[in-house]
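The opening residue of the sequence shown carries number 1 in this note's numbering; numbering runs sequentially from there.
The C-beta atom is built at its ideal place from N, Cα and C for all residues, glycine as well.
These numbers come from a predicted model, not from an experiment.
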Amino acid sequence: MYTKKQDGGAVPPLPQRRRNGAPSLLRFIASALALAASGVVGAQSAPAVDVAEVLKQIEALRAEQAHIAEMQARTEASIRALEASLGVASPPARGVGPDPATETNPIALSAAAAPAPANTPAPLAELASRLNVAGDLRVRAQADYNAGKSDERNSAQVRGRFGATYAVSDFVTVGARLVTGDYDNPKSTDVPVSNFDNKFRVNLDLAYTRLDFGGAQVYAGRVPQPFVRTELVWDGDVMPQGVSANYKLLLAGGGAIKANGLFFVVDEWAAGKDSTMLGGQLAYESPALGNWKYDAAAAYYHYTLGSIAGATATDFRTNLRKPDGTYLSDFHLGDLIVGATYSGFGERWPLRIVGDFVHNFGAATSADTGYGVDLLLGRASKKGDWRVGYGYSVAQTDSVFAAFSHDNTSLATNYRQHMLSADYVLAPGTFINATWARYKPYNGIDTPAFDAGDWLDRVRLALLVTF
């Protein structure tokens, strides 16, 4: 880490000969005046002084003094430029006068001893240690099949994300992230390759302050998703806006208990009732028990839906609505997730099993339940790694709040779905991903735009680079 000099001076000592130039001049002038005076008093006994020669020497010394001042100014400027490139604040420039590092000058010494201003820039090394940046870029091809019907299509999407966090202190951290995508769709950061080559939109999907209290963190702003989740209830791109908190208590033997909470401002309306969500979750992680580890998380999400002025068709999706456009059901969701990890197949082939069950206690319909099971085999962290997965899920029409559930297919709710996936690590930070979703409506009444007897297929192939 670079630090400012402690001697208070920004200019190295000049060579001894040049530093003594001014005193030499004074001594020479004094000698010349003495000689001149003695010549006046005793003109008959001392030879006459060559005035022209004395004046010539005086001019030479003045020229040397000016050269010294010019060299000092150049040296000062060079030092300031180098300090600026390192992010180090230079002391105020000073002209000819006492050097607070070497002269007994009470005023200058007091200034040198004063603390640096609060806004003095930190050295670059310290700034870099407090700043973390990360991002990714994904390009993806997609094919949709519908039993040979006319709405089959091929398409492509691009996603870019770039974020940073900065530790203002050990207590306060700020973070933000830029992403591509439609700002009206909180569930996706993908943009279609289409529209006559129009430019991609870029939005701010994270902007928060985090306060650290040891094992607890509090976030405010547009915050990262705080809950243990699957995409049955929460799409991975949804970043809530409001206040969240996370707490982790380590247990003897290696286990842990976690508590997560969120107050989510869904929609604010000056002329009426706001839409909000208050949610809490309690989670447990077991220590290693032989080759097995277990985890569980129970959550409750209570939506209070007033204003829907900010909602669009991509928010309502497949939830049921009244004739006036408001939601038919309330959404008071109980969500239980259980998981197990088995390491007996070796480091490269961990087995992960996750089950998720959700019930909407506020539903105005019997279509109020969803569940899913996912199996993952392998890891995707080092070059040459493979990971394969299979998932099966069912979500009835009002079992979850469709505005924030997954958008992997055309049906946000009222579906029965199979999903196959494969990931391969091509190089460090570079991945190839393939997925195949086969799905159809759970019933043919709640989503009349879809034929309940038709299986739909969506195939995706993506290249992802992270940094």
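For Asp151, the closest of Ala63, Thr341 and Ala143 by C-alpha to C-alpha distance is Ala143. For Gly181 against Asn203, the beta-carbon gap comes to about 6 Å, under 8 Å, which counts as contact. Taking the Cβ atoms as the reference, Phe404 lies roughly 5 Å from Val238, within the contact range of under 8 Å.
Collapsing the DSSP output to three states places Ser155 in a strand. Taking a cut-off of 8 Å on C-beta distances, the stretch 365–372 does not touch the stretch 340–349, as fewer than three cross pairs fall below it. According to the DSSP assignment, Asp315 belongs to the alpha helix (DSSP H) that extends over Ala313 to Phe316.
The beta-carbon separation of Asp423 and Thr230, rounded to 17 Å, does not stay under the 8 Å limit for a contact.
Each of Ala449, Asp274, Ile432 and Arg438 was checked against the Cα of Tyr392, and the nearest Cα belongs to Arg438.
Separation of His302 and Asn260 (C-alpha to C-alpha, rounded to the nearest whole angstrom) is 14 Å. When DSSP states are grouped into helix, strand and coil, Lys56 belongs to the helix group.
For Ala77, the secondary structure class from DSSP, reduced to helix, strand or coil, is helix. By the Cβ-count criterion, Glu285 is buried, with 16 or more other Cβ atoms from all chains shown falling within 10 Å of its own Cβ.
A direct Cα-Cα distance of roughly 19 Å separates Ala313 from Ile445.
For Leu411, there is no enclosing alpha helix (DSSP H), as DSSP marks it with neither H nor E.
In this structure, DSSP gives Leu127 a helical state, which the three-state scheme calls helix. Annotation for Asn203: the continuous beta strand (DSSP E) segment containing it runs Val202 to Phe213. The beta carbon of Leu206 is closer than 7 Å to those of Gly163, Gly175, Ala176, Arg177, Arg222, Pro224 and Met239 in its chain, skipping five residues each way along the sequence. According to the DSSP secondary-structure assignment, Ser275 is paired through a beta bridge with Asp267. Segment contact: the stretch 380–392 against the stretch 280–298, fewer than three CB-CB distances shorter than 8 Å; contact not assigned. Looking at the DSSP output, Arg161 bridges to Asp136 and Val179. In the DSSP annotation of this structure, Leu328 is not part of any beta strand (DSSP E), being labelled neither H nor E.
By the Cβ rule, the stretch 425–437 counts as touching the stretch 450–462, because three or more pairs are nearer than 8 Å. Excluding the 5 residues flanking it on each side, Asp454 has same chain C-beta neighbours closer than 7 Å at Asn146, Ala147 and Lys440, in chain order.
Counting only residues of its own chain and dropping the five nearest sequence neighbours on each side, Asn291 has a CB closer than 8 Å to the CB of Tyr342, Ser343 and Gly344. Contiguous alpha helix (DSSP H) elements confined to the stretch 220–245 do not occur, taking only those with 4 or more residues. Runs of the beta strand (DSSP E) lying entirely within the stretch 372–456, each at least 3 residues long, are 386–395, 415–427 and 430–441 in chain order.
Distance from the CA of Thr447 to the CA of Ala309, rounded to the nearest whole angstrom, comes to 23 Å.
Taking each of Arg153, Gly279 and Val243 in turn and checking the Cα distance to Val228, the smallest one comes out for Gly279. DSSP, reduced to helix, strand and coil, places Asn195 within a helical segment of the structure shown. Residue pairing by DSSP places Lys248 opposite Lys258 in a beta bridge. Phe357 is bridged by DSSP to Leu336 and Tyr371. Nearest to Val354 by C-alpha distance, out of Leu232, Ala52, Val51 and Ala167, is Leu232.
With 16 or more other Cβ atoms inside 10 Å of its own Cβ, His406 counts as buried.
If you compare the alpha carbons of Gly429, Ser307 and Leu333 with that of Thr326, the shortest gap goes to Ser307. Rounded to the nearest whole angstrom, the C-alpha separation of Ala363 and Asp398 is 6 Å.
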